[in-house]
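J.:
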Ligand code: AMP
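Residue numbers (the numbering used here): -2 to 220.
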């Protein structure tokens, strides 16, 4: 019998390439993914109750208040559990209160978080990585480009599906510094938190996306 793949959380500052890696892990390693940022953006686009309340925070580069996000994540976690696949958390938890809430939810569901992978990139490079980012507007495709590091063949058009590319509002320069600040003050304490629980594994994010993924895959199979 093959051992079950570990349940994991991806940590890393905005711009380290978490989203790209999360999609690769989901597709190539058959994980069930929870990406709170994308779910919140869809909620905003669909003007749901959560979306209407969350919009101003996202625009400002601030975290959406815990009381809005925690109940929402619980429902999503149940959905992940039903798939029977190992799960991958991308974007939650983002602070200590959310990490504690996650522990309680997992315990109630007889689930566990096995490993936390922290993707590290030289912080001086993050602003440039975020501001140059462009996304495919077709959600099902969602390919991520960078104007300098991985540009599309034709400007503004997705190589894979031909849809138009766009820049996320919160990837614009005035909001980026707030998001990086929020990561430093609210999310970085989680690194120490999971280090103390002996769950933290560091991944070198200063490599090509394929190389980062190879490091993640090798690490997961050796754990
Ligand atoms: P992301 O796509 O992960 O960079 O998330 C985009 C934005 O969604 C963040 O800047 C926050 O405003 C909001 N967001 C995503 N996940 C969370 C979370 N776990 N807690 C609070 N806000 C979140």
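Backbone N, C-alpha and C fix where the C-beta goes; we use that ideal spot for every residue, glycine too.
Quick caveat, the model's predicted, so the values are computed rather than measured.
Can residue 51 be considered in contact with the ligand AMP, in the sense that its beta carbon sits closer than 8 Å to one or more heavy atoms?
T.: Yes, since a heavy atom of the ligand AMP falls inside the 8 Å radius drawn around the Cβ of residue 51.
J.: Under three-state DSSP, which class holds residue 176?
T.: In this structure, residue 176 counts as helix in the three-state DSSP scheme.
J.: Excluding the 5 residues preceding and the 5 following residue 2 in the sequence, name in chain order all residues of the same chain whose CB lies nearer than 6 Å to its CB.
T.: Answer for residue 2: 83, listed in chain order.
J.: Does the beta-carbon of residue 207 have 16 or more other beta-carbons within 10 angstroms, so that it is buried, or is it exposed?
T.: Under this definition residue 207 is an exposed residue.
J.: Is residue 89 near the ligand AMP, going by C-beta to nearest heavy atom under 8 Å?
T.: Yes.
J.: With residue 202 and residue 118 assumed to form a contact (beta carbons below 8 Å), what rounded beta-carbon distance in angstroms separates them?
T.: Contact holds; Cβ gap of about 4 Å.
J.: Write down the C-beta distance between residue 175 and residue 58 rounded to the nearest angstrom, noting that I regard them as a contact closer than 8 Å.
T.: Going by Cβ atoms, the distance from residue 175 to residue 58 rounds to 3 Å, so yes, they are a contact pair.
J.: In whole angstroms, give me the CA-to-CA distance for residue 144 and residue 14.
T.: Approximately 14 Å between the Cα atoms of the pair.
J.: Identify which residue in 195, 67, 167 and 116 has its Cα closest to the Cα of residue 102.
T.: Ranking 195, 67, 167 and 116 by Cα distance to residue 102 puts 67 first.
J.: So what's residue 117 in DSSP terms, helix, strand or just coil?
T.: Of the three classes helix, strand and coil, the one that applies to residue 117 here is strand, per DSSP.
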